[in-house]
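Colleague: Quick note: the sequence shown, position 50, residue 56 per our numbering, numbers continuous. I'd like to ask you about the structure that follows.
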Amino acid sequence: MDQIRVHGGRPLHGRLPISGAKNAALPLMAAGLLTADPLRLTNVPRLADIASMTSILRQLGVRIERMDGIDGAADALTLSGEDIISTVAPYDLVRKMRASVLVLGPLLARFGEATVSLPGGCAIGNRPVDLHLKGLSELGAVVEIESGYIKAVAPKGRDGTGSRLRGGRVAFPFVSVGATENLMMAAALADGETVLVNSAREPEIVDLARLLTAMGAQIEGAGTDTIHIQGCDTLSGAMHRVIPDRIETGSYAMAVGITGGDVLLEGADGCLIEAVIETLGDAGVTVEVVADGLRVVRGSDPVIGVDVMTEPYPGFPTDLQAQFMALMTVAQGASMITETIFENRFMHVPELGRMGANINVHHASAMVRGVGRLTGAPVMATDLRASVSLVLAGLGAQGTTTINRVYHLDRGYDRLVEKLSACGASIERVPSERAAAEE
Ligand code: UD1
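Have a look at this one:
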């Protein structure tokens with residue numbers, strides 16, 4: 007397997023382009039199932055998760071054409087759901103990515119039935135899909151689990167012909183990004199009005215609402231905790247630009263915090279990460295809104311320990327917890343980091359410990375005592391955000407850090423090595439044959 011090698015200790019300087027958001031692009035692609043017309047998405051990041059969603063949609067019969075961006079520019083996708091041939095999303099494709107479950111709502115809404123493999127657990131926790139299923143039941147679907155598959159069928163239409171979901175009231179017991187997205191897509195083609203209470207408020211929800219509105223849906227309240235959706239008989243095609251990736255933005259801002267330096271995050275949107283910008287400011291990392299993105303600066307003063315608790319948006323995102331912890335390992339003073347979204351999201355802790363970090367975990371909280379500087383070591387990536395936290399730690403460490411299981415990074419960081427190298431980092435991807443030969 008490929009490795010990433012980082013020789014630490016170089017400050018970052020220059021311009022670093024921010025890609026389109028993975029977590030926005032995935033539901034937007036699933037929305038391609040809602041219409042027979044073409045949907046054109048631009049600013050799509052080049053990632054393994056996008057390739058996984060492409061495979062699933064193609065298997066269902068969606069035609070997908072990709073226009074590769076030139077010179078590092080973003081890709082565009084045209085999706086055409088005119089000739090859907092199947093409403094079954096099989097295990098071998100769904101197991102690769104949890105977000106595959108986002109095809110459930112659109113398939114059920116447009117075709118009256120869907121069979122989707124249960125995505126199963128993942129490294130950061132159990133992650134059930136009960137809220138998605140309960141929500142769809144509130145819209146009249148009959149949902150059963152059979153042989154590891156979710157089988158959902160819509161009720162008979164009110165006019166007695168065909169089957170169609172019925173608008174209803176769905177009150178989520180706690181906030182779920184994916185369940186909110188699945189229900190928004192399902193409700194867009196349901197008969198009548200749906201009200202989603204205690205919805206997620208993430209920017210990716212707002213982006214999905216923008217696309218669905220461009221397709222002809224009537225949606226109010228996206229970005230607040232109550233969303234009203236008036237169902238339509240059909241939706242049409244649309245063009246849509248994916249929002250910038252706030253998690254990629256925050257990750258690179260934290261990289262600059264660790265190494266020191268001055269980097270322009272091109273195309274980044276500060277409005278999407280206000281809580282992160284505030285926390286970084288408290289830690290001594292300046293993030294300033296400029297004309298073409300965000301400028302991140304950390305001078306010679308050390309980073310200061312700051313406490314953080316992850317929360318649904320607009321709070322501090324769980325997807326930046328591991329990266330922030332990497333930053334706090336080299337801070338002056340201590341930091342208490344509390345994870346409230348996922349039960350098992352501290353797998354980067356022992357790996358950071360191998361690099362000399364001083365971290366004690368007690369239940370959902372980690373006490374990080376800053377050590378000034380880490381030392382390079384061979385480490386193992388365990389999940390997407392944990393992997394990038396090890397890259398960040400390596401950028402600031404003395405000596406060489408080798409990160410194994412790089413495929414996690416390929417899921418969510420578009421051209422990571424190129425982007426960091428262009429800002430002065432000493433980082434390379436070592437192909438598996440060379441890595442094996444050198445061991
Ligand atoms: C999305 C993001 C992921 C991010 C997470 C939280 C995508 C593709 N992924 O994941 O990067 O870390 O939001 O911001 O957008 N839960 C249930 N039952 C359900 C659904 C969720 O118990 O039916 C639990 C989860 O296990 C978790 C919490 O609710 O503890 C929040 O999960 P959710 O917001 O649904 O995360 P995802 O949409 O899977």
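Note that CB positions come from ideal geometry on N, CA and C, so glycine has one too. Note that this is a predicted model, so its numbers are computed, not measured.
#1: Quick check on the burial criterion: 16 or more other C-beta atoms within 10 angstroms. Buried or exposed for VAL302?
#2: Is the beta carbon of VAL135 within less than 7 Å of some heavy atom of the ligand UD1?
#3: Could you give the distance in angstroms between the alpha-carbon of GLN327 and the alpha-carbon of VAL183?
#4: Would you mind giving the Cβ-Cβ distance between MET35 and GLY111, rounded to the nearest angstrom? I have them listed as a contact below 8 Å.
#5: For PRO209, which of helix, strand or coil comes out of DSSP?
#6: Among all the DSSP beta bridges, which residues are the ones paired with LEU270?
#7: From the DSSP output, in three-state form, read off MET334 for me.
#8: Alpha carbon to alpha carbon, what distance is there between GLY299 and VAL336?
#9: I'd like to know if the segment 158–178 and the segment 278–294 are in contact, where contact means that at least 3 CB-CB pairs between them fall below 8 Å.
#10: Closer than 8 Å is the cut-off here; do at least three beta carbon pairs connect the segment 262–271 with the segment 206–219?
#11: Within this structure, are the beta carbons of PRO125 and SER106 separated by less than 8 Å?
#12: Should THR255 be counted as a contact of the ligand UD1 given a C-beta to heavy atom distance under 7 Å?
#13: Could you tell me whether the segment 340–358 touches the segment 221–232, where touching means 3 or more Cβ pairs closer than 8 Å?
#14: From this set, CYS277, GLY163, ALA443, GLU199, which residue's C-alpha is nearest VAL212's C-alpha?
#15: Taking its Cβ as the centre, do 16 or more other Cβ atoms sit within 10 Å of GLU445, making it buried, or is it exposed?
#16: Could you check what DSSP says for ASN350 in three-state terms: helix, strand or coil?
#17: Do ALA80 and ILE249 have their C-beta atoms closer together than 8 Å?
#18: Check whether the segment 67–86 and the segment 152–166 touch, using three or more Cβ-Cβ pairs below 8 Å as the test.
#19: In chain order, what residues of the same chain lie with their CB nearer than 6 Å to the CB of PRO308, ignoring the 5 residues before and after it?
#20: Run the CB neighbour count on LEU162, radius 10 Å, all protein chains shown included, and call it buried at 16 or more, exposed below.
#21: Excluding the 5 residues preceding and the 5 following LEU85 in the sequence, name in chain order all residues of the same chain whose CB lies nearer than 6 Å to its CB.
#22: Determine the closest residue to LEU22 out of THR255, GLU150, ALA147, GLU349, with distance taken between C-alpha atoms.
#23: How would you call ASN188, buried or exposed, if buried means at least 16 neighbouring beta carbons within 10 angstroms?
#24: Using 7 Å as the cut-off, classify the Cβ of SER182 as near or not near the heavy atoms of the ligand UD1, replying yes or no.
#25: Between the segment 379–399 and the segment 239–246, do at least 3 Cβ pairs fall closer than 8 Å?
#26: Please name the residue, chosen from VAL314, SER306, ALA297, VAL296, that lies closest to GLU284 on a Cα-to-Cα basis.
#27: My guess is that MET7 and ASN350 are in contact by the Cβ rule of under 8 Å, so how many angstroms apart are they, rounded?
#28: Within the segment 146–229, note down every full beta strand (DSSP E) run reaching 3 residues or more, in order along the chain.
#29: Using the Cβ count rule (16 or more neighbours within 10 Å means buried), how would you classify ASP165?
#30: Please find out if some non-hydrogen atom of the ligand UD1 comes closer than 7 Å to the beta-carbon of LEU217.
#31: On the CB-based measure, 16 or more other CB atoms within 10 Å of its CB, does THR232 come out buried or exposed?
#32: Over what stretch of residues does the beta strand (DSSP E) that includes SER242 continue unbroken?
#33: In whole angstroms, give me the CA-to-CA distance for GLU317 and ILE253.
#34: Output yes or no for whether 8 Å exceeds the beta carbon distance between VAL436 and ARG11.
#35: Identify every run of the alpha helix (DSSP H) within the segment 406–443, keeping only runs that are complete inside it and at least 4 residues long; order them along the chain.
#36: So for ILE5, helix, strand or coil by DSSP?
Modeller: This is what the structure holds:
#1: Here the question's residue 302 lines up with position 296 in the sequence shown. For VAL302, the number of other beta carbons within 10 angstroms of its own is at least 16, and it is reported as buried.
#2: Numbered from its first residue, the sequence shown carries residue 135 at position 129. Distances between the C-beta of VAL135 and the heavy atoms of the ligand UD1 include at least one below 7 Å.
#3: Here residue 327 is taken as the residue at index 321 of the sequence shown, counted from 1. Here residue 183 is taken as the residue at index 177 of the sequence shown, counted from 1. Those two C-alpha atoms are separated by around 17 Å.
#4: One-based indexing of the sequence shown puts residue 35 at position 29. One-based indexing of the sequence shown puts residue 111 at position 105. So it is not a contact: roughly 13 Å between Cβ atoms.
#5: The residue you call residue 209 lines up with position 203 of the sequence shown. Judged by DSSP in its simplified three-state form, PRO209 adopts helix.
#6: Within the sequence shown, residue 270 is the residue found at index 264, counting from 1. DSSP, once it has assigned bridges, lists ARG21, ARG301 as partnering LEU270.
#7: Here residue 334 corresponds to residue number 328 of the sequence shown, with the count starting at 1. DSSP places MET334 in helix when its eight states are reduced to three.
#8: What you label residue 336 is simply residue 330 of the sequence shown in a count that begins at 1. What you label residue 299 is simply residue 293 of the sequence shown in a count that begins at 1. Those two C-alpha atoms are separated by around 27 Å.
#9: No, they do not touch.
#10: Touching, no.
#11: The sequence position of residue 125 within the sequence shown is 119, counting from 1. The sequence position of residue 106 within the sequence shown is 100, counting from 1. Yes, these two residues count as a Cβ contact at 8 Å.
#12: Stepping through the sequence shown from its first residue, residue 255 is reached at position 249. Answer for THR255: no, Cβ out of range of the ligand UD1.
#13: Fewer than three Cβ pairs drawn from the segment 340–358 and the segment 221–232 lie within less than 8 Å of each other, which leaves the two stretches out of contact.
#14: For the purposes of this step, residue 212 is identified with residue 206 of the sequence shown, where counting begins at 1. Ranking CYS277, GLY163, ALA443, GLU199 by Cα distance to VAL212 puts CYS277 first.
#15: Counted from its first residue, the sequence shown places residue 445 at position 439. Taking a 10 Å sphere around the C-beta of GLU445, we find fewer than 16 other C-beta atoms and assign the residue as exposed.
#16: Numbered from its first residue, the sequence shown carries residue 350 at position 344. DSSP places ASN350 in the coil class of the three-state scheme, outside both helix and strand.
#17: In the sequence shown, counting from the first residue as 1, residue 80 sits at position 74. In the sequence shown, counting from the first residue as 1, residue 249 sits at position 243. The answer is no: Cβ separation not under 8 Å.
#18: Result no; under three Cβ-Cβ pairs closer than 8 Å.
#19: To locate residue 308, count along the sequence shown from 1; it is residue 302. Closer than 6 Å at Cβ, skipping near neighbours: GLN338.
#20: As a position in the sequence shown, residue 162 is number 156, starting the count at 1. As written in the sequence, residue 162 is Lys, which differs from the Leu given in the question. It counts as exposed.
#21: Stepping through the sequence shown from its first residue, residue 85 is reached at position 79. Only GLY38, LEU45, VAL68, ILE70 meet the Cβ criterion.
#22: In the sequence shown, residue 22 corresponds to position 16, counting from 1. Comparing Cα-Cα distances from LEU22 to each of THR255, GLU150, ALA147, GLU349, the minimum goes to THR255.
#23: Within the sequence shown, numbered from 1, the residue matching residue 188 stands at position 182. ASN188 is classed as buried because its beta carbon has at least 16 other beta carbons within 10 Å across all chains shown.
#24: Translated into the one-based positions of the sequence shown, residue 182 becomes position 176. Answer for SER182: yes, Cβ within range of the ligand UD1.
#25: Fewer than three Cβ pairs drawn from the segment 379–399 and the segment 239–246 lie within less than 8 Å of each other, which leaves the two stretches out of contact.
#26: In the sequence shown, the residue the question calls residue 284 occupies position 278. Of VAL314, SER306, ALA297, VAL296, the residue nearest in Cα terms is VAL314.
#27: Within the sequence shown, numbered from 1, the residue matching residue 7 stands at position 1. Within the sequence shown, numbered from 1, the residue matching residue 350 stands at position 344. Wrong, their Cβ atoms sit about 23 Å apart, outside the cutoff.
#28: Counting only runs of 3 or more residues that sit fully inside the segment 146–229, the beta strand (DSSP E) segments are 148–152, 155–159, 175–177, 199–203, 224–226, in chain order.
#29: If you number the sequence shown from 1, residue 165 lands on position 159. ASP165 is exposed by the Cβ-count criterion.
#30: Against the sequence shown, residue 217 aligns to sequence position 211. No - the ligand UD1 has no heavy atom lying nearer than 7 Å to the Cβ of LEU217.
#31: Reading the sequence shown from its first residue, position 226 is the one you call residue 232. By the beta-carbon neighbour count (other beta carbons within 10 angstroms, threshold 16), THR232 is exposed.
#32: Mapped onto the sequence shown, residue 242 falls at position 236. Element bounds for SER242: n/a, residue is neither H nor E.
#33: Within the sequence shown, the letter at position 311 stands for residue 317. Within the sequence shown, the letter at position 247 stands for residue 253. If I take the Cα positions, the gap works out to 14 Å.
#34: Taking the first residue of the sequence shown as position 1, residue 436 is located at position 430. Taking the first residue of the sequence shown as position 1, residue 11 is located at position 5. Yes; because the gap between Cβ atoms is below 8 Å, this pair is in contact.
#35: Listed in chain order, they are 413–418, 422–428.
#36: Nothing can be reported for residue 5: it is not among the residues displayed for the chain, which extend from 7 to 445.
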